[in-house]
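For the sequence shown, the positions run 120 to 332 when the working numbering is used.
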Amino acid sequence: MSRPSVGIFLFPADDSRRPEERLRAAAEASGLVRENSPEYIWHMARGIYGKPYFPAQPDLHFSISHSGDWWLCALSETPIGVDLQEHTKNRGEEEETAAARYGRMAERFFHPSEALWVCKNRYERFFMVWAAKESYVKYTGEGIGDSFGQFSVIPERPFSLSADGERYWTAAGVCFCEREFPQGYTTCICTGMPAEYALFTCTGPAFRRQSIF
120 MSRPSVGIFL
130 FPADDSRRPE
140 ERLRAAAEAS
150 GLVRENSPEY
160 IWHMARGIYG
170 KPYFPAQPDL
180 HFSISHSGDW
190 WLCALSETPI
200 GVDLQEHTKN
210 RGEEEETAAA
220 RYGRMAERFF
230 HPSEALWVCK
240 NRYERFFMVW
250 AAKESYVKYT
260 GEGIGDSFGQ
270 FSVIPERPFS
280 LSADGERYWT
290 AAGVCFCERE
300 FPQGYTTCIC
310 TGMPAEYALF
320 TCTGPAFRRQ
330 SIF
């Protein structure tokens, strides 16, 4: 079975287009939807837990995230979840203090195995786990709820690492791909099976291919 293709499209948060217009531009650029398609197919609805979808395009799966200065969407022909997390600290806060604060958050909101894993490198690992968990609940469509701390995204086996620094792993019955991009952010994609990933940035009307995950 061939791997599904996933397109990841990164926009500046201040891009003047509405989210639906950004999604349309990304979908047409990816080839998942033909250009100049009728307007009605872009009418968006939401599932029972709030996950957005296009009723007229059941084979177009997408996920959206935004953090800091960036807005991100991922598109595929199979279900997908994506999350983008800026590595933040409070104003004037030292990284060690921020790490301790994130460690307490991990103990409160994460699965016990995740909290234990995070405590070994709190600042870096907190964002990795949070992005992975959010990408998972976006993949399932359930969103953040009471079950957020009941599943674990800790790798079942050691990470697979690419030459460009991407990490691949399986957990909770799904596949994850994570990398630090843009600088100072963590991006994580969740899919039901291993996939091929392509990353594009948009700073105007055209997209620029950055790398292959």
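Ideal placement from N, C-alpha and C gives every residue a C-beta, glycine not left out.
On the premise that residue j lies in contact with residue i, defined as a C-beta separation below 8 Å, what is that separation, rounded to the nearest angstrom?
i    : j    : result
R141 : C192 : 7 Å
L179 : A146 : 6 Å
D202 : A250 : 4 Å
Between the alpha carbons of residue i and residue j, how many angstroms are there, rounded?
i    : j    : result
S135 : R276 : 42 Å
T216 : W189 : 26 Å
E196 : G126 : 10 Å
T306 : A219 : 22 Å
H185 : T320 : 14 Å
F173 : P274 : 32 Å
P198 : A317 : 16 Å
C296 : G211 : 32 Å
Tell me which same chain residues have a C-beta within less than 6 Å of the C-beta of residue i, skipping the five on either side of it?
i    : result
K257 : S182, G200
G166 : G260
E226 : A234
G262 : Y168, G169, V256
Suppose the cutoff is 7 Å on Cβ atoms and the five residues either side in sequence are ignored; what does the same chain contact list for residue i look like?
i    : result
G303 : E205, H206
P138 : I183
Give the DSSP-derived three-state secondary structure of residue i in the structure shown.
i    : result
G126 : strand
E154 : coil
D178 : coil
I263 : coil
V201 : strand
I273 : coil
F228 : helix
F173 : coil
Y242 : helix
S279 : strand
Let me confirm a value: residue i is counted as buried when at least 16 other C-beta atoms fall within 10 Å, else exposed. Which label applies?
i    : result
A144 : buried
A133 : The question names Ala, but residue 133 is Asp in the sequence shown. Burial call: exposed.
K252 : buried
K239 : exposed
L280 : exposed
R153 : exposed
Y159 : exposed
P231 : exposed
T310 : buried
E214 : exposed
Using a Cβ-Cβ cut-off of 8 Å (strictly less than) and excluding sequence neighbours within five positions of residue i, which residues of its own chain qualify?
i    : result
M224 : F245
F278 : R286, Y287, W288
A291 : Y255, F270, S271, V272
V237 : Y221, G222, A225, F229, R244, F245, V248
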